[in-house]
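What follows is one structure encoded as structure tokens, with my remarks underneath.
Residue numbers (our numbering), protein chains in the order written: chain B, 1 to 272; chain Y, 273 to 556.
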């Protein structure tokens, strides 16, 4: 069971989006976010929605995965929608005591909700189609210029890789410790919140001790393999920008251009 | 040609809280030639792991000197030259694997020493081939068994093209199957690739496979000879808390009961042969 855990939410596949260079994917995701936020009218936003829909179609990510990624933001959407509906001034459609709901309020609420949903679904597409290791790699290489400002880019990426590497190991270990403590009569399922939190202590302490010991041994093993930070290090895997990356960039560029165009002339279409 | 690793009069102690030294090695002199397969035996606290850590400059002796390929381990600016020549594999395979994909992990060492990308690729494929793990190169480490993980760790070391591998109880945490896998890998590397192997172990059966056995006790070298010679000292080995291979033990006990068996039996096959020869003689 535990051996099958997946880290993050990577959904393996072989679509063009999966095979894209992780750096390009990160940049294009950022461009997509920009696209969402500069869209000033419904048409512009519609372009964003359609664009995302097409991307999901191409990537062959099942619909239930998208819905799953959107579930956690539902409360936020409800909250902001209610606020928008109540506090945006304009033509009232419904009035009761001091509460009034306006046409403009409803419009803003719908607009914001769609924008947030697209934002989450768009960034999820990145994590669905990119393995954590490729993602880390992409971030490291994209941030490389920041080294000039003394940002420890390589070290951060290394920490990330090691964390990813040890998550399954530590989960397995936690499982073992829980079994061991249960075998000694530890009670973890009953009692109130406080009692259950207390019951975690005998699990967390051995887990921490072992994590430190592991870290110590790993550091030694890394030293033995001549690790000395990012200085003078080469990489086996070289990232290359392929034709497909250029095509994807063009597609996003086209979307962005469409949104900007609609911002300028969109009002014209809406009013006629 | 001289010795590849030479330790002369090495004294080493771990500092205690009161500033005193807790002496672990009391004057160890050990010379290892290129291409040898040396097993270092000893029970817990005998100093066998400590001497291993001197062989790639993780530890520096308090007294005496360790030289690797003519480089003294005290020479700090050549630290990575030493570590590239002498790779080290540890007990727990989980705590040596750095990356989340097998081939990326094997590439870690060569990447650290700045090898060209294409050359790394070649070395990684070769190293995985050498340990028989090629088909797992895209697996995540946690999907592998203990023996497989340890072989990946070995591949990670040989991808740096070391001339010597020091293995510190590499099979202690493995099941019998994993132990066999790792041992046959080590033997093949020694025989076919000519890599010098120093195997720290407390399994007598593993030590019996080496070309030379060094027995350590209380920070000193007790014996340094062929397995056959070392394991013929059954009584003395037992006195320092060590066992002998099961086949040797059996013949030793039978001989004590007055049966005429040879002293230097190492493997099960040899024991079977010796005993059946004896039985034939008895039957006439």
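Beta carbons: idealized from backbone N, C-alpha and C, even for Gly. Computed from a predicted structure; not experimentally measured.
- Close partners of residue 396 of chain Y in chain B (Cβ separation under 7 Å): 236.
- Counting other Cβ atoms within 10 Å of its Cβ, residue 455 of chain Y reaches 16 or more and is therefore classed as buried.
- In terms of CA proximity to residue 158 of chain B, B:137 leads the group B:137, B:109, B:10 and B:30.
- Following the DSSP letters along the chain, one finds residue 17 of chain B inside the alpha helix (DSSP H) bounded by residues 16-19.
- Each residue's CA atom was taken as its position, placing residue 354 of chain Y and residue 62 of chain B some 53 Å apart.
- Under the Cβ distance rule, residue 217 of chain B counts among the residues neighbouring chain Y, one pair being separated by less than 7 Å.
- For residue 232 of chain B, at least one C-beta of chain Y is nearer than 7 Å to its own C-beta.
- Contact between residue 309 of chain Y and residue 462 of chain Y holds: their C-beta atoms lie close to 5 Å from each other, under 8 Å.
- Taking a cut-off of 8 Å for Cβ pairs, the stretch 438-457 of chain Y and the stretch 357-371 of chain Y touch, as three or more such pairs fall below it.
- When the alpha-carbon of residue 433 of chain Y is set against those of Y:532, Y:500, Y:523 and Y:402, the nearest one is in Y:402.
- Secondary structure note for residue 495 of chain Y: its beta strand (DSSP E) is the uninterrupted segment 492-497.
- Looking from the CA of residue 216 of chain B, the closest CA among Y:279, Y:497, Y:367 and Y:474 belongs to Y:367.
- Residue pairing by DSSP places residue 226 of chain B in no beta bridge whatsoever.
- Within chain Y, no residue has its beta carbon less than 9 Å from that of residue 127 of chain B; the closest one is some 15 Å off.
- Linking residue 279 of chain Y to residue 382 of chain Y through their CA atoms gives a straight-line distance of about 27 Å.
- Taking a Cβ-Cβ threshold of 8 Å, none of the residues of chain B is close to residue 309 of chain Y; the smallest such distance is about 20 Å.
- Inter-residue distance for residue 281 of chain Y and residue 300 of chain Y is about 5 Å (C-alpha atoms, whole angstroms).
- Taking residue 351 of chain Y as the centre and dropping the five residues before and after it, the same chain places the C-beta of 329 closer than 7 Å to its C-beta, in chain order.
- Under DSSP, residue 523 of chain Y forms no beta bridge with any residue.
- Counting of Cβ neighbours within 10 angstroms places residue 422 of chain Y among the buried residues, the total reaching 16 or more.
- Neighbours of residue 221 of chain B across chain Y, judged by C-beta separation under 7 Å: 362, 367 and 368.
- If the five residues before and after residue 304 of chain Y are omitted, its C-beta is found closer than 7 Å to the C-beta atoms of 275, 276, 277, 310, 468 and 470, all from its own chain and listed in chain order.
- Contact annotation: residue 114 of chain B and residue 45 of chain B have beta-carbon atoms nearer than 7 Å.
- Taking 4 residues as the shortest admissible run, the stretch 70-126 of chain B contains the following complete alpha helix (DSSP H) segments, listed from N- to C-terminal end: 74-87.
- Any Cβ of chain B closer than 7 Å to the Cβ of residue 381 of chain Y would place that residue at the interface, and such an atom is present.
- With contacts defined as CB atoms closer than 7 Å, residue 419 of chain Y and residue 450 of chain Y qualify as a contacting pair.
- For residue 380 of chain Y, the uninterrupted alpha helix (DSSP H) run begins and ends at 374-384, by DSSP.
- In the three-state scheme derived from DSSP, where H, G and I count as helix and E and B as strand, residue 420 of chain Y is classed as helix.
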